[in-house]
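Here the structure is laid out as structure tokens; the discussion comes afterwards.
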Amino acid sequence: MNESIFILKGNIVYSKSAEELEIIEHGYIVCENGLVQGVYQTLPFAFGGYPVIDYENRLVIPGLTDLHVHAPQYSYRGLGMDMELLEWLETNTFPEEARFSDLEYAREAYKIFVENLKGSATTRACIFATVHREATLLLMDMLEESGLATMVGKVNMDRNCPDYIREGSAKDSALETVEWIKDVRHKKYKHTEPILTPRFTPSCTDALMEKLKMIQTRYQVPLQSHLSENPGEIAWVEQLCPWSEFYGDAYDKFGLFGADCHTVMAHCVYSDDREIQRMKENGVFVAHCPESNMNIASGVAPVRKFLDAGLHIGLGSDVAGGSTESIFAAMAHAIQASKLRWRLQDASLKPLGVEEVFYMSTKGGGEFFGKVGSFEPGYEMDAVVLDDSRLKTPMEMDVKKRLERMVYFSDDREIYAKYVKGARLF
Ligand code: GUN
Ligand code: FE
75 MNESIFILKG
85 NIVYSKSAEE
95 LEIIEHGYIV
105 CENGLVQGVY
115 QTLPFAFGGY
125 PVIDYENRLV
135 IPGLTDLHVH
145 APQYSYRGLG
155 MDMELLEWLE
165 TNTFPEEARF
175 SDLEYAREAY
185 KIFVENLKGS
195 ATTRACIFAT
205 VHREATLLLM
215 DMLEESGLAT
225 MVGKVNMDRN
235 CPDYIREGSA
245 KDSALETVEW
255 IKDVRHKKYK
265 HTEPILTPRF
275 TPSCTDALME
285 KLKMIQTRYQ
295 VPLQSHLSEN
305 PGEIAWVEQL
315 CPWSEFYGDA
325 YDKFGLFGAD
335 CHTVMAHCVY
345 SDDREIQRMK
355 ENGVFVAHCP
365 ESNMNIASGV
375 APVRKFLDAG
385 LHIGLGSDVA
395 GGSTESIFAA
405 MAHAIQASKL
415 RWRLQDASLK
425 PLGVEEVFYM
435 STKGGGEFFG
445 KVGSFEPGYE
455 MDAVVLDDSR
465 LKTPMEMDVK
475 KRLERMVYFS
485 DDREIYAKYV
495 KGARLF
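The opening position of the sequence shown corresponds to residue 75 in the numbering used here, with each subsequent residue numbered one higher.
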């Protein structure tokens, strides 16, 4: 008997592509050494003696990926949405993020964030912390303890923000970042990784970007940032970087845009064909954050174009631009926003469907972490079991319809069990 093998039984749903769902009713997922060995309608004889956890009529889906979320902003989610991005940052974000210099406050705030993320359907996340090295490490300790698999970034900012949160110089910011990466490496986390996090171009001098590229090359870390979110922001980047061909080029000129640098960019609401083409060439991932884009009136990203161009794309909550960490909510918002874009702005871009948003939140975003977000053989075994019995209806529902209802009106109460890399969290 191989002790590392176990089997989940239930109504299995996953994606191989954005076009269709794979559904196996009352099927089996064989997990071996933390990886999916295979999915079967009838359990092969060879696996007959292994433990089966029978989830009966419940749904079993891959864990969801939140490709973009700000942990310190979780404290004020659902508040202060009556401004656009740049004013919103100055008014709500910077004052709150400054409080994370106080480790006791950080502990209290991050505890709430981590508990709620653990209870959600999210198994993987790309997370912004703040500029503070100690508080970022504390967040990483807590996430490691939770069993979630995450990439977490100490934010870099050396310009265009209040003194109380600005790092002293490009050199200071880079030194802190190196110290932080060394501290992280020393901790030998199993599922918590560092990710370079220049907040966005307006917050980082050219000198800092150059240093971050050196750090990225030296320590081989991935990178996350914001891109083409808001018209005022984009105009500002044109002023700050007159040498750039377009916003994404202002990262690419420093080697911080996909090429030799595993990169995810949030938003891309206003990415034009040149930017899309460069993202495609460089393998940049897009984190589509529809709720945030509505709340702070950024607009609606041309997701259909990204899918047609074959870009890597996943969904992000972008709390606190988004009000909720629920990636099911992000799926519904992505569909709804795409319909408004289609109706009001550009009828050539067909709205998104459930298959497509489910793909983005599982395999599409999961691939930023490697073979993650599907139950195809060799994928890391991240799974979420959903119990939808609370959502009563007299109708007969097939598995696809049950999944569709989860997208539109589930909440944490439906999350019944969760596995990350083959380990059961609850
Ligand atoms: N751009 C730079 N910083 C932020 C942030 O904290 N949230 C969002 N939505 N956009 C940003
Ligand atoms: Fe963001």
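We put the beta carbon where it would ideally sit given N, CA and C, even for glycine.
Bear in mind the structure is a predicted one, so any value in this text is a computation, not a measurement.
Closest to L109 by CA distance: which of S78, F331, L426 is it?
On the sequence shown, residue 109 is found 35 positions in, with the first residue counted as 1. Taking only the C-alpha atoms, the option nearest L109 is S78.
If we count the other Cβ atoms within 10 Å of its Cβ and call it buried at 16 or more, is M480 buried or exposed?
Residue mapping note: residue 480 aligns to position 406 of the sequence shown, counting from 1. Classification for M480: buried.
F202 Cβ short of 8 Å to the ligand FE heavy atom set:
The count along the sequence shown starts at 1 and reaches residue 202 at position 128. For the ligand FE, at least one heavy atom lies less than 8 Å from the Cβ of F202.
Expressed to the nearest angstrom, what Euclidean distance is found between the alpha-carbon atoms of E478 and A403?
Position 404 of the sequence shown, counted from the first residue, corresponds to residue 478. Position 329 of the sequence shown, counted from the first residue, corresponds to residue 403. Roughly 12 Å separates the two Cα atoms.
With a floor of 3 residues, list each beta strand (DSSP E) that falls wholly inside the segment 142–211, ordered by position along the chain.
Residue ranges of uninterrupted beta strand (DSSP E) with 3 or more members, entirely inside the segment 142–211 and ordered along the chain, are 196–202.
Cβ-heavy atom distance, T323 to the ligand FE, below 8 Å:
Residue numbering aside, residue 323 sits at position 249 when the sequence shown is read from its first letter. Per the sequence presented here, residue 323 reads as Asp, with Thr not at that position. Look at D323: its beta carbon is at least 8 Å from all of the heavy atoms in the ligand FE.
Please write down, chain order preserved, every residue whose beta carbon lies under 6 Å from a heavy atom of the ligand MN.
Here the bound small molecules are the ligand GUN and the ligand FE; the ligand MN is not part of this structure.
Give the single residue among Y490, F359, A145, M434 whose Cα lies nearest to the Cα of L301.
As a first step, residue 301 is located in the sequence shown; it is residue number 227 there, counting from the start. Checking every option, the nearest Cα to that of L301 belongs to F359.
Could you tell me the boundaries of the alpha helix (DSSP H) in which R415 lies?
Numbered from its first residue, the sequence shown carries residue 415 at position 341. Per DSSP, R415 belongs to the alpha helix (DSSP H) from 401–418.
Under 8 Å: does the beta carbon of A340 sit that close to some heavy atom of the ligand FE?
Here residue 340 refers to the residue found at position 266 when the sequence shown is read from its first residue. Annotation for A340 indicates a beta carbon within 8 Å of some heavy atom of the ligand FE.
Can you grab the Cα-Cα spacing for the pair K466 / T275, in whole Å?
Stepping through the sequence shown from its first residue, residue 466 is reached at position 392. Stepping through the sequence shown from its first residue, residue 275 is reached at position 201. Computed Cα separation, rounded: 48 Å.
Return the CA-CA distance between A199 and Q313, expressed in angstroms with no decimal places.
Against the sequence shown, residue 199 aligns to sequence position 125. Against the sequence shown, residue 313 aligns to sequence position 239. Inter-residue distance for A199 and Q313 is about 32 Å (C-alpha atoms, whole angstroms).
Does the distance from the C-beta atom of P236 to that of E164 stay below 9 Å?
Start at 1 with the first residue of the sequence shown, and residue 236 comes out as number 162. Start at 1 with the first residue of the sequence shown, and residue 164 comes out as number 90. For the 9 Å CB-CB criterion, P236 and E164 form a contact.
Tell me which residue opens and which closes the alpha helix (DSSP H) that I289 is part of.
Within the sequence shown, the letter at position 215 stands for residue 289. From DSSP, the alpha helix (DSSP H) with I289 extends over 280–293.
Report the partner residues of C335 according to the DSSP bridge assignment.
The residue labelled residue 335 in the question sits at position 261 within the sequence shown. Looking at the DSSP output, C335 sits in a beta bridge with G332.
So is G152 buried or exposed if we call it buried at 16+ other beta carbons inside 10 Å?
In the sequence shown, the residue the question calls residue 152 occupies position 78. Its Cβ having fewer than 16 others within 10 Å, G152 is exposed.
Beta-carbon proximity list for S220, same chain, < 6 Å, skipping 5 on both sides
Taking the first residue of the sequence shown as 1, we reach residue 220 at position 146. Excluding sequence neighbours, S220 sits near V188, K192.
Below 8 Å, can you find three or more Cβ-Cβ pairs linking the segment 317–332 to the segment 289–304?
Yes, since at least three Cβ pairs between the segment 317–332 and the segment 289–304 fall closer than 8 Å, the two stretches touch.
Of the listed residues T436, G122, E99, nearest to N76 (C-alpha basis):
For this step, residue 76 is matched to residue 2 along the sequence shown. Cα-wise, what sits closest to N76 is G122.
Please determine if the segment 136–144 and the segment 332–345 are in contact, where contact requires at least 3 C-beta pairs separated by less than 8 Å.
Contact between the segment 136–144 and the segment 332–345 is present: three or more C-beta pairs spanning the two stretches fall below 8 Å.
Of the listed residues E218, L460, E170, L297, nearest to K261 (C-alpha basis):
The residue labelled residue 261 in the question sits at position 187 within the sequence shown. When E218, L460, E170, L297 are compared, the shortest CA-CA separation from K261 is found for E218.
Rounded C-alpha distance that separates Y150 from Y179
Residue mapping note: residue 150 aligns to position 76 of the sequence shown, counting from 1. Residue mapping note: residue 179 aligns to position 105 of the sequence shown, counting from 1. So the alpha carbons of these two residues sit roughly 14 Å apart.
Using DSSP with H/G/I as helix, E/B as strand and the rest coil, what is P305?
Position 231 of the sequence shown, counting from 1, holds the residue named residue 305. Correct three-state label for P305: helix.
From the DSSP secondary-structure annotation, give me the bridge partner or partners of Q298.
The residue you call residue 298 lines up with position 224 of the sequence shown. Its beta-bridge partners are V338.
Cβ distance (whole Å) where L138 is taken to contact T197 below 8 Å:
For the purposes of this step, residue 138 is identified with residue 64 of the sequence shown, where counting begins at 1. For the purposes of this step, residue 197 is identified with residue 123 of the sequence shown, where counting begins at 1. The Cβ separation is near 7 Å, so the contact holds.
Excluding the 5 residues flanking H386 on each side, which residues of the same chain have their C-beta closer than 8 Å to its C-beta?
Taking the first residue of the sequence shown as 1, we reach residue 386 at position 312. The answer, listed in chain order, is G357, V358, F359, V360, G438, E441, F442.
Once the 5 residues before and after L117 are set aside, which same chain residues still bring their CB inside 6 Å of it?
Along the sequence shown, one-based indexing puts residue 117 at 43. For L117, where only same-chain residues beyond five positions count, the Cβ hits under 6 Å are Y102.
Tell me whether the segment 415–427 and the segment 383–401 touch, counting them as touching only if at least three CB pairs, one residue from each stretch, are closer than 8 Å.
Flag = no, the segment 415–427 and the segment 383–401 do not touch.
Near the ligand FE: H265 beta-carbon under 8 Å from a heavy atom:
The residue labelled residue 265 in the question sits at position 191 within the sequence shown. No, since every heavy atom of the ligand FE falls outside the 8 Å radius drawn around the Cβ of H265.
Buried versus exposed call for G396 [16 or more other C-beta atoms within 10 Å across all chains shown]
The residue given as residue 396 occupies position 322 in the sequence shown. Flag for G396 reads buried.
Is it true that the CB of E93 sits closer than 9 Å to the CB of E429?
For this step, residue 429 is matched to residue 355 along the sequence shown. For this step, residue 93 is matched to residue 19 along the sequence shown. Yes. Within cutoff.
Quick one: is A309 buried, meaning 16 or more other Cβ sit within 10 Å of its Cβ, or exposed?
One-based indexing of the sequence shown puts residue 309 at position 235. Looking at its Cβ environment, which holds fewer than 16 other Cβ atoms inside 10 Å, A309 is exposed.
Could you check if H142 belongs to the surroundings of the ligand FE, using beta carbon to heavy atom distance under 8 Å?
Counting from one through the sequence shown, the residue named residue 142 turns up at place 68. Yes - the ligand FE has a heavy atom lying nearer than 8 Å to the Cβ of H142.
May I ask whether a heavy atom of the ligand FE can be found less than 8 Å away from the beta carbon of C363?
Numbered from 1 along the sequence shown, position 289 holds the residue referred to as residue 363. Flag set: Cβ of C363 near the ligand FE.
Using DSSP bridges, identify the partner residues of K492.
Numbered from its first residue, the sequence shown carries residue 492 at position 418. For K492, DSSP records a beta bridge to V458.
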